[in-house]
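Asks:
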Amino acid sequence: MISLNAEWTRLLHKYQDDHRDPRNQACHKIGIPLIAMSFPVGATLVGLPLAGALFTVGWGFQFVGHAFEGKKPSFVDDKRSLVIGLLWCMEKYGLRVYEESPAA
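Numbering (the numbering used here), first residue to last: 24 to 127.
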């Protein structure tokens, strides 16, 4: 399990605030796994065309979701949100992969 410090906990809460619309959440629950899968698939030359499709379709879902939400993607302001988004998505699928560290 990953323990998030205060800074990363703040990023997670901001990410959650930017993703309240259920349609956006549904799009992200599809798009984020597609994007994440594109990396190991693309690690082989044979998988490269499939990886490109997964990556492109995944990002399409992301941007459609943000059209529903009416907010820009979180990564525009902070690239760390790309990692936070993956943790958020895993949590949405019921996988507890992080915990918030107690305030120091």
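Heads up, the beta-carbon is just placed ideally off N, CA and C, and yes, glycines get one too.
Classify Y38 as helix, strand or coil using the three-state DSSP reduction.
Replies: Helix.
Asks: Checking 8 Å against the spacing of the C-beta atoms, do S97 and D44 come in under that value?
Replies: No, these two residues do not count as a Cβ contact at 8 Å.
Asks: From the DSSP output, in three-state form, read off A127 for me.
Replies: In this prediction, A127 has a pLDDT of 48, which is less than 50 and means its spatial position is unreliable; what the coordinates show is noted afterwards. It is coil, neither helix nor strand.
Asks: Would DSSP call L27 helix, strand or coil?
Replies: It is a strand residue.
Asks: If I measure Cβ to Cβ from T32 and keep anything under 8 Å in the same chain, skipping five residues before and after, which residues do I get?
Replies: E123, S124.
Asks: What first and last residue would you give for the alpha helix (DSSP H) that runs through L71?
Replies: Here the alpha helix (DSSP H) through L71 covers 71-92.
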